[in-house]
Amino acid sequence: MASPFTTPVGEETAEMLHMKLNLLNEKLIQREKELTELAADVAKKLAGNVSIAERERQEQRASDACHRIRTIQREYDELWQRWYKMLQQEGNVDGNKLKLEMKKNDEMRLEQEKR
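Numbering (our numbering), first residue to last: 21 to 135.
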């Protein structure tokens, strides 16, 4: 891996991309926790007798939260692909192992979405 002192300004290293991936992953985990809490809150509010406007407001709130998570997931996937390609170029990659790890992460994410 390149030393931070030999990397030209503005150029990303595999290590930098990996750190960004970790940060995005933490953000994604936090958003998913918030979504779980939001879903419980929305269900509680909609369980009673509510107006159509309130129902639409709560549904929009939940939809917006899901959209934010999907946006972060897309950003994570794109960043992961860039990181993977960079590792391949450097020759520091066990392709099958990383692909299995990504598949496992995708399956876990899908399970979380079902909840």
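C-beta: ideal position from N, C-alpha, C; glycine also.
The criterion of a C-beta distance shorter than 8 Å is satisfied by Leu58 and Ala85. Apart from the 5 residues on each side of it in sequence, Arg102 sits with its Cβ closer than 7 Å to the Cβ of Leu37 in its chain, given in chain order.
Contact check between the stretch 88-100 and the stretch 47-61: three or more CB pairs, one atom from each, fall below 8 Å, which counts as touching.
By the criterion of a C-beta distance shorter than 7 Å, Gln78 is surrounded in its chain by Val62, Lys65, Leu66, once the five residues flanking it on both sides are discounted.
Here Ile89 is buried. Its C-beta has 16 or more other C-beta atoms within 10 Å. DSSP, reduced to helix, strand and coil, places Val70 outside both helices and strands of the structure shown, so it counts as coil. DSSP places Thr33 in the coil class of the three-state scheme, outside both helix and strand.
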